[in-house]
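Peer 1: In the numbering used here, the protein residues as written are 91 to 559. C-beta atoms are modelled at their ideal positions from N, C-alpha and C, and glycine is treated no differently. Model, not experiment: these values are computed from the prediction.
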């Protein structure tokens, strides 16, 4: 160095967090499943997607999502140079993943052994010996079974990277395999599609799902992730997401799930064009409208109740007249009347109620009337809860049937518990319709994937009488 020439300082290498912020994009890899990420006609959705989208927004960067074909592909992408920096895919930390960094847990799950209704129910790991068992290749479930083999001689299982959890459950449902092992949240999201599957027993204790991060030189991104997860846990955002995706998944039961699967094939095709046409006119999601129709009448156009409501959307005479419906038993007129009424209700709700809560409030109002919803919101506020959050107000609705509570309200007694059940059922039917009609799953593509509504396959085993109810 020549005399008088100053040393030029070398700028420090940006941290992992700074690299994301400087690039302006958060690259995330995930899996395509109801419990993680999928696309419907309104765009990208899913529990993991919503959670990681919130993190990207907190960093003020764009979210870039990619989906892996299998777990090996997912981890290979995560550890590749210039690959995604986070894997948000319902993962649990395990021994063979120690080279990765894991965030704090945001969802507790339990591994469950799954069998088919009508077969002998295993009750211990020893009962799994001699069974056809298949799990995801490279999964924590595969590692768990490998560890179990040391304790249970003769236990054998296969792994596959050509399937997803939904495929494993379908294979059990159709008798192609005897058992599989999946996390409880995955079963909860998929149960309704495969109503012959049952839980044999829990294999181990609760495990926490977490995001996996690239094995970098610093913990700046991991620290930011953990700070974000702490924040959404404290401010209620995480609980709202859990409620949105898991708060209503078990409401149908096995018989209800099987019946819906049959009606999805036998009844919906007759009225789907009407739902689509009317929904488009009123800027509604046709599947939400169809879910409402199923909850009201099981898609039966001449349904009549003892209280006088009639038709596919079960309209009262007064509502029908107000909505311009001359014949409540005409399917298209009934759907039109229901859509107009729902649209009107949703528009009339206070501006302070935002989506998706606004839709759930509108459904509740459709069922019980605005007066009792106002009472439930006032009760929520009096209890220090948020009157604009469905999660809070739905806790108050059953109290409208209890004298100690409804005596304090303006509009008095109401069967609010039935309204909560109505909303839960509609949401579940809506979820099923959303998943089974997402663009990449429709028509022949749906059949090709094998991820179909139960009872479609001609070669499935004979239907068993539902047991273990």
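1) Should residue 323 be labelled buried (16 or more other beta-carbon atoms within 10 Å of its own) or exposed?
2) Which word fits residue 499, buried or exposed, when buried means at least 16 other C-beta atoms lie within 10 angstroms of its C-beta?
3) Relative to the C-alpha of residue 244, which residue among 229, 220, 161 is closest?
4) Quick check: the Cα distance between residue 437 and residue 513, rounded to an integer number of angstroms?
5) According to DSSP, simplified to helix, strand and coil, what is residue 349?
6) With a threshold of 16 other CB atoms inside 10 Å of the CB of residue 106, please say whether the residue is buried or exposed.
7) For residue 205, which residues does DSSP report across the bridge?
8) Are the beta-carbon atoms belonging to residue 330 and residue 481 less than 8 Å from one another?
9) Determine, using beta carbons only, whether residue 270 and residue 225 come nearer to each other than 8 Å.
10) Where does residue 463 sit, in a helix, a strand or coil, going by DSSP?
11) Considering only residues of the same chain and omitting the five flanking positions on each side of residue 186, which have a CB-CB separation below 7 Å?
12) Any idea what DSSP makes of residue 424, helix, strand or coil?
13) Can you grab the Cα-Cα spacing for the pair residue 202 / residue 152, in whole Å?
14) Would you mind sorting residue 124 into buried or exposed? The rule is 16 or more other CB atoms within 10 Å of its CB.
15) Taking all protein chains shown into account, do 16 or more other C-beta atoms lie within 10 angstroms of the C-beta of residue 441, making it buried, or fewer, making it exposed?
16) Residue 214: buried (16+ other C-beta within 10 angstroms of its C-beta) or exposed?
17) Under the three-state reduction of DSSP, which class applies to residue 157: helix, strand or coil?
18) Could you tell me the boundaries of the alpha helix (DSSP H) in which residue 307 lies?
19) Enumerate in chain order the residues of its own chain whose CB-to-CB distance from residue 102 is below 6 Å, with the five nearest sequence positions on each side excluded.
20) Identify whether residue 258 lies in helix, strand or coil by the three-state DSSP scheme.
21) I'd like to know if the region 462-473 and the region 484-498 are in contact, where contact means that at least 3 CB-CB pairs between them fall below 8 Å.
22) Chain C beta carbons: is any one of them nearer than 8 Å to that of residue 119?
23) Indicate the three-state DSSP secondary structure (helix, strand or coil) for residue 134 in the structure shown.
24) Enumerate in chain order the residues of its own chain whose CB-to-CB distance from residue 306 is below 6 Å, with the five nearest sequence positions on each side excluded.
25) Could you give the residue range of the beta strand (DSSP E) that holds residue 117?
26) Between which two residues does the alpha helix (DSSP H) holding residue 510 run?
27) Report the rounded CA-to-CA distance for residue 99 versus residue 304, giving the unit in angstroms.
28) Check whether the Cβ of residue 380 lies closer than 7 Å to any heavy atom of the ligand SAM, and answer yes or no.
29) When you compare the CB positions of residue 174 and residue 119, do they come within less than 8 Å of one another, or not?
30) Can you tell me where the alpha helix (DSSP H) holding residue 458 begins and where it ends?
31) Does DSSP classify residue 432 as helix, strand or coil?
32) Could you pull out every unbroken beta strand (DSSP E) segment of at least 3 residues lying fully inside the region 223-250, listed in chain order?
33) Compute the distance between the beta-carbons of residue 381 and residue 519, then report whether it is under 8 Å.
Peer 2: So, from the listed chains and residues:
1) Counting the other CB atoms within 10 Å of its CB gives residue 323 a total below 16, which places it among the exposed residues.
2) Flag for residue 499 reads buried.
3) Per the Cα distances, 220.
4) Their Cα atoms are separated by approximately 18 Å.
5) In the structure shown, residue 349 sits in a helix (DSSP, three-state: H, G or I).
6) Counting of Cβ neighbours within 10 angstroms places residue 106 among the buried residues, the total reaching 16 or more.
7) In the DSSP output, where bridge partners are listed per residue, residue 205 has 288.
8) The answer is yes: Cβ separation under 8 Å.
9) Going by beta carbons, residue 270 and residue 225 fall inside the 8 Å limit.
10) In this structure, residue 463 counts as helix in the three-state DSSP scheme.
11) Within the same chain, residue 186 has close Cβ partners 233.
12) In this structure, residue 424 counts as helix in the three-state DSSP scheme.
13) The C-alpha of residue 152 is placed about 36 Å away from the C-alpha of residue 202.
14) So residue 124 counts as buried.
15) Result: exposed.
16) Counting Cβ neighbours within 10 Å, residue 214 comes out exposed, since fewer than 16 surround it.
17) Of the three classes helix, strand and coil, the one that applies to residue 157 here is strand, per DSSP.
18) Note, residue 307: premise wrong, no alpha helix (DSSP H); not H, not E.
19) Setting aside the 5 residues that flank it on each side, residue 102 has no residue in the same chain whose C-beta is closer than 6 Å to its C-beta.
20) The answer is helix: DSSP assigns residue 258 an H, G or I state.
21) At 8 Å Cβ cutoff, the stretches touch.
22) Absence of chain C from the displayed structure is noted, only one protein chain being present.
23) In this structure, residue 134 counts as strand in the three-state DSSP scheme.
24) Result list for residue 306: 106, in chain order.
25) 115-120 is the span of the beta strand (DSSP E), which, as asked, contains residue 117.
26) First-last of the alpha helix (DSSP H) with residue 510: 506-526.
27) Going by the C-alpha atoms only, they are around 29 Å apart.
28) As for the ligand SAM, it is missing from this structure, which has no ligand bound.
29) The answer is yes: Cβ separation under 8 Å.
30) Looking at the DSSP string, the run of the alpha helix (DSSP H) that includes residue 458 is 447-458.
31) Helix.
32) Counting only runs of 3 or more, we get 224-226, 248-250.
33) Yes, they are a contact pair.
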